[in-house]
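Residue numbers (my numbering), protein chains in the order written: chain U, 651 to 984; chain A, 651 to 984; chain Z, 14 to 336; chain E, 14 to 336.
Remarks on the structure that follows.
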Amino acid sequence: MALSPELCKKMYTDMWRIRLFEEEANRQTSLGSVVGALHMYCGEEAVAVGVCSNLRDDDYVLGTHRSHGHCLAKGAESHRMMAELFGKATGTCGGKGGSMHIADFSLNMLGANGIVGAGIAPATGAALASKLRGTDQVSVCFFGDGAAARGTFHEGIGLGALWKLPVVYVCENNQYQQWVPRMNVAVLDSVADMAGSYAIPGVSVDGQNLVEVHEVAGEAVERARKGGGPTLIEARTYRFYGHSLGDEEQYRSSEEVDEMRTNHDPIQTFLLTMMEQDWLTEEEDMEIQNQVKDEIAEAVKFAEESPYPTPDNVTTDVLAPEQSDKSRPGEVAR
Amino acid sequence: MALSPELCKKMYTDMWRIRLFEEEANRQTSLGSVVGALHMYCGEEAVAVGVCSNLRDDDYVLGTHRSHGHCLAKGAESHRMMAELFGKATGTCGGKGGSMHIADFSLNMLGANGIVGAGIAPATGAALASKLRGTDQVSVCFFGDGAAARGTFHEGIGLGALWKLPVVYVCENNQYQQWVPRMNVAVLDSVADMAGSYAIPGVSVDGQNLVEVHEVAGEAVERARKGGGPTLIEARTYRFYGHSLGDEEQYRSSEEVDEMRTNHDPIQTFLLTMMEQDWLTEEEDMEIQNQVKDEIAEAVKFAEESPYPTPDNVTTDVLAPEQSDKSRPGEVAR
Amino acid sequence: MRTLTFSEALREALHEEMERDETIFVIGEDVITHGGPYKVTDGIAERFPERIFETPIAEAGIMGVGVGAAMAGMNPVVEIMYMDFVTCAMDEVVNQAAKMRYMTGGQASVPMVIRLPCGVGRLLAAQHSQIMESWFMHVPGLQVVVPSTPGDAKGLLKTAIRSPDPVLFFEYKRIYTSTGEVPDGDHTIPLGQAKICREGEDATVVAIGPMVQKSLEAAVLLEDDGYDVEVVDARSLSPLDTETICESVSRTGHAVVCGEDSSFAGAASEIAAVIGENCFRDLKGPVVRVGSPHVPMPFSSELVKHVVPEVPDITEAVSRVMM
Amino acid sequence: MRTLTFSEALREALHEEMERDETIFVIGEDVITHGGPYKVTDGIAERFPERIFETPIAEAGIMGVGVGAAMAGMNPVVEIMYMDFVTCAMDEVVNQAAKMRYMTGGQASVPMVIRLPCGVGRLLAAQHSQIMESWFMHVPGLQVVVPSTPGDAKGLLKTAIRSPDPVLFFEYKRIYTSTGEVPDGDHTIPLGQAKICREGEDATVVAIGPMVQKSLEAAVLLEDDGYDVEVVDARSLSPLDTETICESVSRTGHAVVCGEDSSFAGAASEIAAVIGENCFRDLKGPVVRVGSPHVPMPFSSELVKHVVPEVPDITEAVSRVMM
Ligand SMILES: Cc1ncc(C[n+]2csc(CCOP(=O)(O)OP(=O)(O)O)c2C)c(N)n1
Ligand SMILES: Cc1ncc(C[n+]2csc(CCOP(=O)(O)OP(=O)(O)O)c2C)c(N)n1
Ligand SMILES: [Mg+2]
Ligand SMILES: [Mg+2]
């Protein structure tokens, strides 16, 4: 998709939505309102937004444990996401999923995932579904550099490549795998170099640069949509926060983090570009930021005011309701 | 290891041992003495022999479902192997393993394996063991071209490469995966091309040519032993028989099989080389063949005359005997 | 009614369902070239060439593709060549397929059938003979079905395919060639219902898979001892039809639970525990399990015959509980 | 005796064993940088830098490496960060580690400990809260151990490490920080032995993991109702100490089996079935199980509290069986 000022504003807004949504979620965690693990995407916004800005509503997206950005970029509503983090009944998953399982099937966002590398083959499967139906939907799978070591990477991409399916594999190489620097446990610097094993294109891109990500992903999505098969994209990126909350980050220096925050913030980088191109005025910038702030404040309010799920929700959604007439296992227990 | 006439005679003999052992096992299957699946290695003899002729007794070998050749080449005794195929108590595994699980731990042959791709990470682990102990033992893992699609290939080789372990990964690309031609389900013609993902050398070699296999494997074993890390070898080979007994082989033409049998028989090819080099006389050839025939006849006799395991053997070897004093699960059942 | 083999019945179910609903597709190893080792998918490639996928050896990939396609609205029927290999795809079955609906608060549906040829067949030893029904029973979100006759095989497979949730469909290899009557027409059997195969007053034998036929044979032998044995085919292990099972045991007062798998922490353990919990006041003897000893499957036929439970094990158990 | 936390006790066991036997090594994700999420492997990298391997995210690879190293004479202690991820390595555990000795007719030994942090901890929902002890109980060739106190954690881990066969070592995350007395010296506890934690005459509660502590609390409450409850910590689930369990139940005449996992086809099912089978003549009431409902673990704390069984569930069950 060509870069129009409108699209740029939309993308810029989406990056802010991710940034502020997460910073607020982080704050809510310290207040005790949000519980469980919170894997912050801040710093990586250009990847989700740069990729998803090429997608149609009916395209599929599969995420990771670090998927707030993927969900928001695909169009998920921040208030329902926030409610999910609060464990409320109005959350995207009714409070049953939490941060690691946010999904919005109405947007074909088929879910974050708590298992590293678990989305790759399912994304391939969703692509197979579109091919079988004869639609030209594309599937995108986001995953971390850590996932590239898993067998599911090999098997999942292998099948997508074999059947030339409309799928884009996006590796977010943020150079850390939980608390371990990638190069302590990997032999290849670039994950894109693994594409050769599957005879598909492998591209590495600066994940802090929205324009570049948007372009590289655009080509890949286009190729997929036209029947040209999968692409493996490596977006070199960085997470501004620790792996998840409470991480003491002994494995990296604060200088490194500062340098990335100061000189490679995807939002600031893109703002500069927009200013240079006269796509955005300072007033518009303020307006966007304020509008996003309001949205997030609303989201918190919505989450706070929403009810918790009730005990009867414990046993629903295990199987589809039509089937629940028969005596269920577990009945006798407790 | 340099090719001496003695080594060549030994290798030539070993190829015949594999060929005749299997053809006899095949015959015994049609007689009903051998039961279960028999995955014939005939046609691929040069791979097992070419690789194992570079190994020391204390080097480790791990195999596949098609491992008679790997066992014999590592030095296993044909009479105990035959007894195993007969399901006899004197078999290498006391009749508990059968063709797919033949192992000889006294030779560090750590077993055939019924699960495709399941030996790769364990071979890496055996290599880790030698490294930890500070010995210079090398581990070799044989696997089929089908195994290269499995996640265990990716994970197992990935770890071996990461830790630069003394291990040689030998892919026997016989171009079929059960009843499916490889190129129906694979995108890369050569498995060696996948080595790039692990930043290790990948070499493709004519698996029908013993001399070439011996040399390529020799380099890899040497590199491993000296601390140079793993190698991925692809041996292009061919199985003369079906996947396992009863295979109607509709997926390949009899012309193809004939052509391979006639012009690419590893034994005949090597015989020619030996004759050309004056390493073997016709009489010696006859002598070797007769000696192997005798060995196999003895093996069958031994197998036939051996007793079956007794019912009490059903429950032994589940856990080590020292532990069997305590009441065991399963006691109550039946 | 026609007489079909077990695998013919499965094949028929697949063909009929694929005809009915074009979201159904088949995926697995060797499913085209050979129709799988047991020829269950034979003929599909000819009739529905676009809807059958023969894969490389990549069980996790296959299963993951199934999950994704199912979430995206398709109905995959995944064949795992031998159930033993589902160990290579447990995350996909257990953490993905089973939990998607719940984790997404009901948004996701994973209508997927996982066909698992299981148990001893030809002598293939420890890595090609497992059953493990209880593993999947223990996972909420999965359904576990074990047909014992061609008629049930067809009727249950059709229902399994139509289910909006994942079904683990166990096919005992040894009974693929067994024959039986299969009703004409659109024969479906609801999941979650056990079947009383033989009525009796003195004891209930609850059996799984091929043990049903053996239990029926045992029941005939036990007539001579004066025992009138009821045989219940559990058929659906999750959801388990505790109602039918417990009603029968409460009536007869005696129960034996038979499965071919090791009974230690097996499907039979759950059934025995449920009976013990619900029928205590009516039980006149202990609930006894018949199953394999807790050992891997050996290779030698001389050992195998002491592993797989047979008719005498059932008659012996029934006599024991009646004492 | 000293008072240690559960994770300190495990750490001590690891350090002592690694000191004793240099074939022991540790392998897993983040085991160096952070000592694993629960710091159990903390300090090992400093003390035994050559014998600890921090890996990429590759559970099947890690487990396979463990199996191979074990077959080649080493003693790996494999950490799976959350037990849920062992689903990514089931072939390695079930078809390789468990069956090697048997398939090779006793040639192979796989002395390997697989540490599995399990159960609910922080609220991490369905894919980070599982237990699944029964899966591994059902696999011949595996041993399953579940300590409930720091003292047992240390003693059992040391024995597990010395075992020539694979041990699945379940560590309930919620009790890592619990404290308890740990005997000095080379404290080991044989596998396969249950422990009577409290003697009583009226009913036996057989408990697993954190349910032991809750059962002891329930027992105190039940005193008020006039019930004198015996509490047995199953501790070793495979081999299962049926002797101690059944002896206790035969004495008291009543049994409740408590686990934190779903009881459907769970560890509690096996224990209940064994009791039903062996103690029938002495039972004065049904054997009842206490466990989670058969659902994936939800995220919201408001839901979780209705999933994990608590003390009142136990007192209620005991009262019920005594009726
Ligand atoms: C199969 C599996 N193994 C381990 C984990 C624990 N874990 C969660 S996130 C993570 C690191 C992931 O690294 P990467 O894929 O690079 O993603 P990032 O967190 O950097 O975005 C690990 C090890 C898991 N969730 N799943
Ligand atoms: C994980 C797994 N999946 C499937 C099988 C069934 N199977 C046995 S051999 C085989 C083909 C293997 O092909 P390849 O690796 O090329 O070895 P080859 O038989 O050609 O020597 C298959 C699919 C298996 N044993 N293990
Ligand atoms: Mg990362
Ligand atoms: Mg092959």
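All C-beta atoms in this analysis are idealised placements derived from N, C-alpha and C, irrespective of residue type, glycine included.
>> Within 10 Å of its beta-carbon, does G764 (chain A) have 16 or more other beta-carbons around it, so buried, or fewer, so exposed?
In response: buried
>> I need the DSSP call for M14 (chain E), collapsed to helix, strand or coil.
In response: coil
>> Short of 8 Å Cβ to Cβ, which residues in the region 301 to 319 of chain E face chain U?
In response: R302, V303, G304, S305, P306, H307, V308, P309, P311, F312, S313, S314, E315, L316, H319
> Excluding the five sequence neighbours on either side, which residues of its own chain have a C-beta within less than 8 Å of the C-beta of Y901 (chain A), listed in chain order?
Replying inline: Y826, W829, V830, P831
> Apart from the five residues on each side of it in sequence, which residues of its chain come closer than 8 Å, Cβ to Cβ, to T785 (chain U)?
Replying inline: D708
> Buried or exposed: K724 (chain U), going by 16 or more other Cβ atoms within 10 Å of its Cβ?
Replying inline: buried
> Apart from the five residues on each side of it in sequence, which residues of its chain come closer than 8 Å, Cβ to Cβ, to E29 (chain Z)?
Replying inline: K171, D199
>> ligand 4 and D795 (chain A): does any heavy atom of the ligand fall closer than 7 Å to the residue's C-beta?
In response: yes
> Interface residues of chain A around L169 (chain Z) at Cβ under 8 Å?
Replying inline: By Cβ distance, chain A contributes nothing, its closest Cβ being about 27 Å from L169 (chain Z), past 8 Å.
> Is the Cβ-Cβ distance between P124 (chain Z) and S176 (chain Z) less than 8 Å?
Replying inline: yes
> Helix or strand or just coil, what does DSSP make of N108 (chain Z)?
Replying inline: helix
> Just how far apart, CA to CA, sit E72 (chain Z) and K781 (chain A)?
Replying inline: 32 Å
> Does ligand 4 have a heavy atom nearer than 7 Å to the CB of Y826 (chain A)?
Replying inline: yes
>> Can you pull the chain U neighbours of V195 (chain Z), defined as C-beta to C-beta under 8 Å?
In response: Under the 8 Å cutoff, chain U gives no residues; its nearest Cβ is about 24 Å from V195 (chain Z).
>> I want to check one thing, is the minimum distance from the CB of E42 (chain E) to the heavy atoms of ligand 1 below 7 Å?
In response: yes
> Between A:V837, A:A870, A:V863, A:V835, which lies nearest to V817 (chain A) when the distance is taken from Cα to Cα?
Replying inline: A:A870
> For G877 (chain U), which residues in chain A fall below 7 Å Cβ to Cβ?
Replying inline: Within chain A, no residue comes near G877 (chain U); the closest Cβ sits about 16 Å away, beyond 7 Å.
> Within 7 Å: the Cβ of E898 (chain A) and any heavy atom of ligand 2?
Replying inline: no
>> Judging by CA-CA distance, which residue of A:Y662, A:Q678, A:G852 is the nearest neighbour of A696 (chain A)?
In response: A:Y662
>> Three Cβ pairs or more, each shorter than 8 Å: is that satisfied between the region 891 to 907 of chain U and the region 796 to 814 of chain U?
In response: no
>> Looking at A777 (chain U): is its Cβ nearer than 8 Å to the Cβ of G86 (chain Z)?
In response: no
> Within this structure, are the beta carbons of G298 (chain E) and G279 (chain E) separated by less than 8 Å?
Replying inline: no
> How about I917 (chain U): is its Cβ closer than 7 Å to a heavy atom in ligand 1?
Replying inline: no
>> Using only CA atoms, which one of U:G796, U:E694, U:D928 lies nearest to R834 (chain U)?
In response: In the sequence on display, residue 834 (chain U) carries Asn and not Arg. The shortest Cα separation from N834 (chain U) among U:G796, U:E694, U:D928 belongs to U:G796.
> Does the beta carbon of N88 (chain E) sit closer than 8 Å to a beta carbon anywhere in chain A?
Replying inline: no
> How do the region 681 to 690 of chain U and the region 851 to 868 of chain U stand: do at least 3 beta-carbon pairs fall below 8 Å, yes or no?
Replying inline: no
>> For V269 (chain E), would you say it is in contact with chain A, using Cβ-to-Cβ distances shorter than 8 Å as the test?
In response: no
>> Which residues in chain Z have a C-beta closer than 8 Å to the C-beta of D326 (chain E)? List them in chain order.
In response: None at all; the shortest Cβ gap to chain Z is about 15 Å.
>> Residues of the region 72 to 86 of chain E in Cβ contact with chain U at a cutoff of 7 Å, in chain order, please.
In response: A73
> Do you know how far the Cα of E184 (chain E) is from the Cα of G980 (chain A)?
Replying inline: Residue confidence is low: G980 (chain A) scores 35 on pLDDT, short of 50, so the model does not pin down where it sits. No coordinate-derived value is stated.
> From which residue to which residue does the beta strand (DSSP E) around F793 (chain A) run?
Replying inline: 789 to 794
> Is G764 (chain A) near ligand 2, judged by its Cβ being under 7 Å from some heavy atom?
Replying inline: yes
> If you measure from the beta carbon of I765 (chain U) to each beta carbon in chain D, is any gap under 8 Å?
Replying inline: Absent from the structure: chain D. Protein chains present are U, A, Z and E.
> What are the uninterrupted segments assigned as beta strand (DSSP E) that are 3 or more residues long and contained completely in the region 183 to 269 of chain Z, given in chain order?
Replying inline: 192 to 195, 208 to 211, 216 to 220, 242 to 246, 249 to 251
> CA-CA distance, S122 (chain E) and P309 (chain Z)?
Replying inline: 15 Å
>> What does the alpha-carbon distance come out to for the pair R984 (chain A) and V157 (chain E)?
In response: Confidence at R984 (chain A) is low in this model, with a pLDDT of 29, below 50, so the placement of that residue is unreliable and no value is reported for it.
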